[in-house]
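Comments concern the structure below.
Protein chains: 2
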Amino acid sequence: MAAGDEQAKEKENFRAKMGGALEQRLFYIPSFKIYGGVAGLYDYGPPGCAVKSNLQAFWRQHFVMNESMLEVECPSVTPECVLKASGHVDRFTDLMVNDVVTKDCFRADHLVEENLERMIADPMLAPARRTELEDLLARIEELTAEEMGAAIVDLGIKAPETKNDLTAPYPFNLMFPTQIGPSGAAPGFLRPETAQGIFVNFRDLLYYNGGKLPFAAAQVGQSFRNEISPRAGLLRVREFTQAEIEHFVHPDHKDHARFDEVKDVGLSLFSRDAQLGAVKKPFPMSIGDAVEKGIIANQTLGYFIARTQLFLEKIGINPAKLRFRQHLQHEMAHYAEDCWDAEIESTYGWVECVGLADRSAYDLKAHSVASKVELTAHERFAEPVMEEVLVVEPNKKDMGKAFKKDAKAVTDALQAMCKEDALALGAKLEAEGKATVATEAGEKEILPGMVRIAMETKKISGRQFTPSVIEPSFGIGRIMYCMFEHNFYVRADDEQKTVFKFSPIIAPIKCTIFPLVNDAGMNALAERVSRELAADGISAKLDTTAISVGKRYARTDELGVPFAVTVDHRSLDDDTVTLRERDSCEQVRLKSDQVLALVKKLCAMTTTWEEATKGMERQEQAAAE
Amino acid sequence: MAAGDEQAKEKENFRAKMGGALEQRLFYIPSFKIYGGVAGLYDYGPPGCAVKSNLQAFWRQHFVMNESMLEVECPSVTPECVLKASGHVDRFTDLMVNDVVTKDCFRADHLVEENLERMIADPMLAPARRTELEDLLARIEELTAEEMGAAIVDLGIKAPETKNDLTAPYPFNLMFPTQIGPSGAAPGFLRPETAQGIFVNFRDLLYYNGGKLPFAAAQVGQSFRNEISPRAGLLRVREFTQAEIEHFVHPDHKDHARFDEVKDVGLSLFSRDAQLGAVKKPFPMSIGDAVEKGIIANQTLGYFIARTQLFLEKIGINPAKLRFRQHLQHEMAHYAEDCWDAEIESTYGWVECVGLADRSAYDLKAHSVASKVELTAHERFAEPVMEEVLVVEPNKKDMGKAFKKDAKAVTDALQAMCKEDALALGAKLEAEGKATVATEAGEKEILPGMVRIAMETKKISGRQFTPSVIEPSFGIGRIMYCMFEHNFYVRADDEQKTVFKFSPIIAPIKCTIFPLVNDAGMNALAERVSRELAADGISAKLDTTAISVGKRYARTDELGVPFAVTVDHRSLDDDTVTLRERDSCEQVRLKSDQVLALVKKLCAMTTTWEEATKGMERQEQAAAE
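Going down the list, the sequences are from chains A and B.
612 is the number that this note's numbering gives to position 547 of the first sequence; each next residue is one higher, with no gaps.
86 is the number that this note's numbering gives to position 21 of the second sequence; each next residue is one higher, with no gaps.
Next up, the structure:
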């Protein structure tokens with residue numbers, strides 16, 4: 066077996082083992098399983114729900130609270146006009162092909178990609194053809210429908226199972242369509258992202274913020290994408306939780322007041338140059354250096370990249386498997402200034418989990434045009450400035466006399482002129498003694514004296530402008546899945562013992578409490594400890610099932626519970642209990658009334674296990690374990 | 066003006082004033098406002114989001130944590146088969162009529178209701194006709210399409226504005242339709258309730274719970290109802306957050322282990338008898354008495370009713386405006402054992418905010434039939450029981466000889482017989498020496514000896530059964546809206562000063578911190594206090610805007626912030642600050658390092674303001690206030 070195959074096999078085994086552990090303990094469940102399920106839809110069971118809720122709570126604390134962001138909650142059901150303005154109705158598509166006989170649907174890029182990879186793997190392939198195909202593969206995401214169709218013909222691709230011919234590729238919109246109201250006259254969609262709800266509320270949010278920039282708004286909620294053929298388990302789903310931030314900022318002032326707090330954060334950067342260069346590898350660099358060298362466009366974007374790195378590390382992402390990849394020029398929307406993806410390595414390869422983009426003023430401008438509502442901020446200059454401005458001043462009396470009821474149409478037409486046209490008209494009037502103007506009431510001839518057209522110097526004390534927006538956008542489910550992979554392991558001494566080494570911030574339950582055997586005294590003490598923890602907000606679970614402590618430890622490891630208290634025979638004599646740490650399996654003995662304080666400190670992560678238990682009595686591990 | 070009109074006017078004024086305060090401070094915003102909005106869709110702005118998130122967190126603590134419920138999270142997008150099984154595809158409808166000319170849509174019951182109310186209000190109405198119309202009004206929700214159509218004709222109802230004729234009423238399904246996947250072959254809907262996600266996962270959840278009953282599962286999430294003509298603001302919306310619990314229990318054992326903890330909770334009960342009797346008023350009673358007297362069907366339902374009362378009181382619902390109304394027989398689904406709604410009085414009248422229903426085994430049975438997956442629990446009898454069971458034992462040899470390839474059909478037909486039919490057949494065989502059986506292969510004549518039919522006593526040690534489910538279902542938005550109404554008031558000394566007296570559990574911000582004037586020392590101290598609070602998880606907001614403290618207090622009152630710290634000139638000398646309580650406007654002076662502990666205690670509601678500040682130095686109120 067080739068080394069590559071072996072590695073692939075290993076990854077598959079790991080994934081199967083972990084997937085089994087996750088499904089077995091109901092971290093997630095294929096949705097509507099008793100009805101055969103629906104591709105791309107998953108439920109979270111009790112521990113999955115708890116992990117997700119912890120992840121979201123920590124996200125809120127790390128971003129929303131820490132920076133006093135304005136949180137909003139908008140509906141999923143969205144009228145067509147909003148998504149027309151944002152560009153989703155026209156452009157949120159994937160290219161699709163059908164089996165001409167069965168009508169089965171396939172994603173064109175996936176079919177071409179799979180075929181290209183298989184062909185390129187062939188050692189007998191002619192070098193010129195290989196280069197050609199490799200080039201095609203690199204450009205796969207930017208192919209037009211025509212180019213994709215040509216590739217399908219050129220490569221002779223057929224429908225995967227039937228081997229029937231395929232239709233030409235055509236765009237399929239990924240939004241779930243629906244109807245709002247009973248009349249059928251109000252088409253709508255399920256939102257494909259949470260961001261639009263923030264943009265349409267910009268005016269109110271700016272007002273709420275006292276008219277001041279910069280400020281950030283955030284939304285956590287469900288988004289929906291009707292994927293053509295979902296695969297890759299929890300990574301490509303049809304309904305998912307997004308957490309998005311829109312940080313509104315003056316387009317000329319993208320420094321960040323708190324940049325200094327993060328400037329030394331180290332990152333693995335896979336810049337455009339690094340991707341296109343010979344080595345094609347990310348490099349380590351501090352965010353301070355990256356912004357200073359212009360690798361990252363500005364401080365605000367850099368600030369959020371660094372904060373994202375810190376967030377991901379805290380929730381248990383392995384920093385060695387985390388990189389920030391810059392979008393290549395052709396990947397970026399035409400309006401974007403700079404885009405980086407936080408990519409996390411999993412058994413499926415590098416997965417885009419967070420997008421960080423400087424989207425300039427695109428979104429606000431698009432909604433402003435479509436809604437005819439001004440979405441701008443006001444800027445008061447430090448000092449008023451003198452500015453040459455165009456003055457178009459119709460002479461009302463003469464206009465009225467000459468044009469009667471059409472006078473307003475002529476005035477409007479004159480005042481709507483751009484600078485160049487207005488000055489040209491003025492020059493013509495002066496030179497030729499008359500000029501023609503196209504108005505809503507038809508062409509009209511005007512004479513000198515009817516309008517004064519000139520450039521004048523005026524004192525300007527401020528202006529309206531459209532803010533830029535910097536958008537960090539988190540896919541909660543993808544982050545969670547990668548976090549599962551990075552935290553899953555099998556105990557060295559037993560293939561059957563699987564563990565999730567969740568950070569205490571993330572663990573679904575922080576502490577389990579076991580009476581060693583079913584004894585009234587032990588049960589009572591265990592219950593007391595359990596209640597004390599719960600009353601202080603530490604999620605605790607009492608486990609009184611009549612199985613060995615070793616088995617109960619194994620069960621708690623499968624759920625990733627970091628700490629376990631055991632009440633044993635000695636507890637009844639001296640009111641001590643043991644506390645076990647999940648990964649080291651170490652146990653210390655302490656007074657039962659010290660448990661709360663110690664577990665609390667450990668869960669707040671203000672200390673380590675070694676530090677916190679220094680000098681405590683160590684307990685021999687139970688033989689059963 | 067009649068007293069009723071005056072009261073209505075007063076309510077309208079109150080609602081307008083409060084609605085203004087809510088919209089002004091962005092508690093909520095009509096969704097997609099810059100595009101003219103969409104009826105029945107609302108956004109929550111920053112303080113609304115915070116209030117909602119506090120409400121949900123407290124709900125989780127009060128129900129999910131407190132009773133170790135199993136929480137799940139399922140998608141909103143749901144395939145048709147699931148909602149076909151649950152009955153929503155066929156029966157989740159409202160009767161609709163159209164204007165025959167404009168095609169405008171109206172809810173038939175709303176039109177009839179409005180017309181009836183207007184007609185009944187006419188003092189000249191003949192007594193017999195009045196009785197007839199009042200009877201119709203009382204039955205409005207149970208009218209069939211035909212009856213509703215007859216009422217429209219009888220009352221001469223036309224389209225509200227155009228006065229055109231109306232079509233006959235027809236059912237309109239309230240679910241938002243969509244398509245799952247690209248082929249168009251998989252119709253789906255947005256879920257109309259969160260409950261179904263729990264039912265379809267019953268088997269896995271029971272397994273997760275070690276196969277033991279009772280247990281409860283819970284889900285908090287969005288639900289969608291495509292209302293025909295949404296009105297009543299936040300009370301009737303097209304997308305809303307639901308929090309539902311499904312408590313699975315043995316159908317014969319509906320006692321609750323923790324019932325004693327709530328048995329003395331006092332409720333206002335509007336039982337079926339009270340609604341149908343002469344007085345038509347709710348009465349006060351403890352839940353213990355209500356269950357004992359059989360007014361509420363069982364302890365588990367009673368337990369959740371009491372816990373709901375406690376929950377609503379804690380979040381600031383006025384108990385004088387809270388009642389539990391029992392469903393009348395005709396309101397209840399045919400399978401339901403007993404249903405109560407927690408109704409909260411608002412300016413819109415009594416609003417159904419929580420539904421509490423004993424739904425028997427209906428949902429699990431429906432999904433079991435449709436999915437062909439057994440959704441049952443196993444019950445092991447304390448002692449094996451001897452039971453008389455029917456035995457139908459075909460003689461394979463004789464059957465094969467007599468019926469050849471049809472032997473199986475005959476055997477199946479015999480074994481599918483119910484007890485009565487089988488025994489009758491046995492008797493006939495014995496009496497007449499032959500009998501005829503209808504099989505899939507046609508009628509067949511059988512003879513004695515081909516089958517043994519008898520009742521026999523057997524030892525049975527357990528059985529499979531379908532659990533009953535008791536469902537408390539909370540409409541988070543409705544509860545929140547009523548809570549807003551119950552907590553809104555205007556200061557006695559100033560019409561313009563509006564206040565929300567939110568409980569500290571619910572308040573969007575717990576404490577604001579003001580430097581009296583813009584002074585470096587005051588700012589620094591204010592910032593220190595603010596950070597200390599935030600670091601301990603107390604949502605705090607520093608307000609350094611250059612307006613008077615009085616105005617800043619007013620602003621903080623509008624958001625319902627319960628406490629405010631002011632740093633003043635004296636603070637710089639002796640490190641004291643003042644702490645103000647929102648509703649009394651009382652201020653005490655204390656050392657700045659005592660603020661955290663005091664505010665924390667006040668927010669945890671373990672003490673009252675009077676109690677906690679006893680003996681502290683009182684501060685004169687600022688003149689500006």
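The beta-carbon is built from N, C-alpha and C at its ideal position, and this holds for glycine as well.
Computed from a predicted model, the values in this text were never measured in an experiment.
- Each residue's CA atom was taken as its position, placing N274 (chain B) and I360 (chain A) some 53 Å apart.
- Scanning the region 611-640 of chain B for uninterrupted beta strand (DSSP E) segments of 3 residues or longer gives 628-632, listed from N- to C-terminal end.
- For I370 (chain A), the enclosing alpha helix (DSSP H) has its first and last residue at Q364 to K379.
- Straight-line spacing of the CA atoms in Q89 (chain B) and P144 (chain B) works out to 40 Å.
- The beta carbon of S595 (chain B) sits no closer than 8 Å to any beta carbon of chain A.
- Here I525 (chain B) is exposed, its C-beta having fewer than 16 other C-beta atoms within 10 Å.
- For the region 213-246 of chain A, the beta-carbon criterion of a distance under 8 Å to any beta-carbon of chain B is satisfied by F237, F241, P242, T243, Q244, I245 and G246.
- Among the CB atoms of chain B, none fall inside 8 Å of the CB of Q529 (chain A).
- Sequence-distant partners of R390 (chain B) (beyond 5 residues in either direction) whose C-beta falls short of 6 Å from its own C-beta, in its chain, are F335, D406 and E408.
- Minimum Cα-Cα distance from K523 (chain A) among the listed residues A:D325, A:F348, A:G221 and A:V456 corresponds to A:V456.
- Sixteen is the threshold: since fewer than 16 other Cβ atoms of the shown chains lie within 10 Å of the Cβ of A250 (chain B), the residue is exposed.
- The alpha-carbon of I205 (chain B) is positioned some 12 Å away from that of D159 (chain B).
- The criterion of a C-beta distance shorter than 8 Å is not satisfied by Q374 (chain B) and F324 (chain B).
- Burial is judged here by how many other beta carbons sit within 10 angstroms of a residue's own beta carbon; G414 (chain A) has fewer than 16 and is exposed.
- Three or more pairs of CB atoms, one per stretch, sit closer than 8 Å, so the region 101-108 of chain A contacts the region 278-295 of chain A.
- When DSSP assignments are scanned along the region 484-542 of chain A, the uninterrupted stretches of alpha helix (DSSP H) that are 4 or more residues long and fall wholly within it turn out to be 484-497.
- Using beta-carbon distances, E136 (chain A) counts as an interface residue toward chain B, with a partner under 8 Å.
- Per DSSP, the unbroken beta strand (DSSP E) holding D406 (chain B) starts and ends at D403 to S411.
- P234 (chain B) places its beta carbon less than 8 Å from that of V162 (chain B).
- Taking 8 Å as the CB threshold, K168 (chain B) lines the interface with chain A.
- Every unbroken stretch of the beta strand (DSSP E) spanning 3 or more residues and falling wholly within the region 419-495 of chain B is given here in chain order: 442-459.
- Chain-ordered listing is empty here: chain B has no CB closer than 7 Å to the CB of F446 (chain A), the nearest sitting near 20 Å.
- For K566 (chain A), the three-state secondary structure derived from DSSP is coil.
- Taking a Cβ-Cβ cut-off of 9 Å, the neighbours of G262 (chain A) in chain B comprise S96, F97 and D108, given in sequence order.
- For P349 (chain B), the nearest beta carbon of chain A is not closer than 8 Å to its own beta carbon.
- If you draw a 10 Å sphere on the C-beta of S649 (chain B), you find fewer than 16 other C-beta atoms in it, and that means exposed.
- DSSP places L387 (chain A) outside any alpha helix (DSSP H); the residue lies instead in the beta strand (DSSP E), whose first and last residues are L387 to Q391.
- Around the beta carbon of N583 (chain B), a 10 Å sphere encloses fewer than 16 other beta carbons of the protein chains shown; the residue is thus reported as exposed.
- Taking 8 Å as the cut-off, the Cβ atoms of V653 (chain B) and L581 (chain B) do not count as close.
- When Cβ-Cβ separations below 8 Å define contact, V142 (chain B) makes contact with chain A.
- Runs of the alpha helix (DSSP H) spanning 4 or more residues and lying entirely within the region 546-611 of chain A occur at 585-600, in chain order.
- Selection A:G527, A:P140 and A:C547 evaluated against L300 (chain A) yields A:C547 as nearest (Cα-Cα).
- Annotation: E485 (chain B) has no Cβ neighbours in chain A at a cutoff of 9 Å; minimum Cβ distance is about 33 Å.
- K656 (chain A) is bridged by DSSP to A:T641.
- Our two residues, F254 (chain A) and Y109 (chain B), have alpha carbons roughly 20 Å apart in a direct line.
- Scanning the region 333-364 of chain A from its first residue to its last, the whole alpha helix (DSSP H) runs of 4-plus residues come out as 337-341 and 352-357.
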